[in-house]
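These notes are about the structure you will find just below.
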Amino acid sequence: MITASWTAYYREDDGELLGYLVPDGELFVPVTVFGYELGDAVDEYYASQVLESIGLSYLADTWVLSIADRNEPINVQIVEASPEALKVKSVDYGWDQNYGTIIELPVPEPGKLRRH
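Under the working numbering, the first residue of the sequence shown is numbered 4, with each subsequent residue one higher.
Here is the structure:
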């Protein structure tokens, strides 16, 4: 669950939620709509510029997901991302589960997911 201390950041052109600015002392960390950190803590202006420059392009990326029963992370793609839900699907032929298996993750994302 996204906390009340996080400030939602919306794209000015179309009002789309791009992510959040998470307070870190006097600075802010830019994060995705599901809480993945996109950069270091910086002032509010620069944190918002990180969100503007990346936009929602991260939704199209391939990500890697660490899972408990496997030494190597698996390749996944995001199929649903919002402040309430994060679902990814396996796109890893080397994983013994079915290709396309949907995995639900908590929001904010607990650090098991990394951009590839």
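Using N, Cα and C, we set each Cβ at its ideal position, and we do this for glycine too.
Cβ-based burial, residue i [other Cβ within 10 Å; buried from 16]
{"i": "G114", "result": "exposed"}
{"i": "P111", "result": "buried"}
{"i": "A71", "result": "exposed"}
Within 8 Å, strictly: CB atoms of residue i and residue j
{"i": "T6", "j": "L24", "result": "no"}
{"i": "V32", "j": "A50", "result": "yes"}
{"i": "N78", "j": "D99", "result": "no"}
Neighbourhood of residue i by C-beta, 8 Å cutoff - its chain only, sequence neighbours within 5 removed
{"i": "L107", "result": "Inspection of the sequence shows that residue 107 is occupied by Glu rather than by Leu. Hits under 8 Å: A88, L89 and K90."}
7 Å CB neighbourhood of residue i in its chain, flanking five on each side removed
{"i": "L20", "result": "A11, Y13 and V36"}
Cβ shell of residue i (< 6 Å), same chain only, five flanking positions each side left out
{"i": "L54", "result": "Y12, L21, G22 and P33"}
{"i": "P76", "result": "V67, L68 and S69"}
(message) As an exercise, report each continuous alpha helix (DSSP H) stretch of at least 4 residues that is fully enclosed by the stretch 27-56, in chain order.
(response) none
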